[in-house]
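The numbers in this note's numbering rise by one with no breaks, and the one at position 17 of the sequence shown is 17.
Every residue, glycine too, gets a C-beta built ideally from N, C-alpha and C.
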Amino acid sequence: MKIIGHRGAAGLAPENTLPSFQAALDAGVTWVELDVYAIDQELVVFHDDMLDRCTNGTGPIQSTPLAHLRTLDAGNGAQIPLLQEVLNLLGPDIGVNVELKGPRTARPAIQQIREYVGKGWPPERFLLSSFDHAQVRLAQQEAPDIPRGVLIGRRPVWSARIAEKYGATSLNLNRRSVHRRVVADAHRKGIEVWVYTVNDPAEAERLRDMDVDAIFTDRPDLMLA
Ligand code: G3P
Ligand code: MG
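Written out as structure tokens, the structure reads:
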């Protein structure tokens, strides 16, 4: 089972900051997850739609100019990073699940990934995912070669049909929505099941026994140990 550092290693350093991704690398992950918004022609790595919880700023991220975002403290003095800064830190050997948070993020994310693929990074080292399935659809149409994941919130899921519909390589489920039946159905369809957010090693073992393919965790250090 693959261990994916969630927002870098959100349990070890301020989430979605360069120190968080460094902590994930130090823990020995092979994959990380991060969240992106498109602001002023750049992709910034940030989870919430509001700035308040994770920075010393306030208000909606999407109406804040990039220049101001970059002056904010996202924890321990770290900046809100650009996607390219995180990719440069990680290098070509670490998988990156780019979760598309805001609207109109699919196209800029595809463009950015294409730049790195052009430099020789393997496309299968990326996964584009979103709760906004219109963004997943757009990714399917415009970048069929870049792997996609369909994200589902906390609700019962009994089959992997929705992932099949979007030609997705993975069905990314809330930890409370995963059942053996959906894992078996996904595997029959050649689709992986990735589960978020798992921070309890005993739960991780149960999921591994259910044949889950990957978990997202804030504590990759604990899970890899
Ligand atoms: O992509 C997995 C997980 O990050 C989805 O939920 O809210 O933590 O972005 P959230
Ligand atoms: Mg996320």
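Any non-hydrogen atom of the ligand G3P within 6 Å of residue i CB
{"i": "D35", "result": "yes"}
{"i": "E192", "result": "no"}
{"i": "Y166", "result": "no"}
{"i": "H116", "result": "Reading off the sequence shown, one finds Tyr at residue 116, where the question assumed His. No, the beta carbon of Y116 sits no closer than 6 Å to any heavy atom of the ligand G3P."}
{"i": "F46", "result": "no"}
{"i": "F126", "result": "no"}
{"i": "E99", "result": "yes"}
{"i": "F21", "result": "no"}
Range of the contiguous beta strand (DSSP E) that encloses residue i
{"i": "D35", "result": "W31 to I39"}
{"i": "I94", "result": "Premise fails: I94 is in no beta strand (DSSP E) and is neither H nor E."}
{"i": "H6", "result": "K2 to H6"}
{"i": "L43", "result": "E42 to V45"}
{"i": "E192", "result": "E192 to Y196"}
{"i": "L151", "result": "R148 to I152"}
{"i": "A214", "result": "A214 to T217"}
Where the alpha helix (DSSP H) containing residue i begins and where it ends
{"i": "R107", "result": "A106 to G118"}
{"i": "S130", "result": "Careful: S130 lies outside any alpha helix (DSSP H), inside the beta strand (DSSP E) at F126 to S130."}
{"i": "E85", "result": "L83 to L90"}
{"i": "L222", "result": "P220 to L224"}
{"i": "R206", "result": "P201 to D209"}
{"i": "A134", "result": "H133 to E142"}
{"i": "A67", "result": "L66 to L69"}
{"i": "A27", "result": "L18 to A27"}
Sequence-distant residues of the same chain with beta carbon closer than 6 Å to residue i, five excluded per side
{"i": "F216", "result": "I4, H6, E33, Y196 and T197"}
{"i": "P123", "result": "V117, D145 and I146"}
{"i": "I162", "result": "V150"}
Own chain, CB closer than 7 Å to residue i, minus 5 neighbours either side, in chain order
{"i": "I110", "result": "A139, E142, A143 and I146"}
{"i": "A10", "result": "S20 and D218"}
{"i": "N88", "result": "none"}
Beta-carbon gap between residue i and residue j smaller than 7 Å
{"i": "D221", "j": "A27", "result": "yes"}
{"i": "I191", "j": "A160", "result": "yes"}
{"i": "L173", "j": "I152", "result": "yes"}
{"i": "A13", "j": "G102", "result": "no"}
{"i": "V36", "j": "V117", "result": "no"}
{"i": "R155", "j": "A168", "result": "no"}
{"i": "T58", "j": "D52", "result": "yes"}
{"i": "Q84", "j": "A106", "result": "no"}
{"i": "S130", "j": "L100", "result": "yes"}
{"i": "D223", "j": "A204", "result": "What sits at residue 223 in the sequence shown is Met, not Asp. Against a cut-off of 7 Å, the Cβ pair of A204 and M223 comes out as a contact."}
{"i": "S170", "j": "W194", "result": "yes"}
{"i": "L82", "j": "E42", "result": "yes"}
heavy atom of the ligand MG below 6 Å from residue i C-beta
{"i": "E15", "result": "no"}
{"i": "E203", "result": "no"}
Nonlocal neighbours in the same chain, by C-beta distance under 8 Å from residue i, ignoring five residues either side
{"i": "W158", "result": "H179, R181, V182 and D185"}
{"i": "I80", "result": "N16, T17, V44, V45, F46, T55, L69, R70, L72 and A74"}
{"i": "L90", "result": "F21, L25, V32 and V96"}
{"i": "V212", "result": "M1, V178, V183, V193, W194 and V195"}
{"i": "R137", "result": "Y166"}
Any chain B beta carbon closer than 7 Å to residue i
{"i": "R161", "result": "Considering every chain present, this structure includes no chain B. It has just one protein chain."}
Only counting runs of 4 or more residues, tell me where the alpha helix (DSSP H) segments fall wholly within the region 156-187, in order along the chain. 161-165
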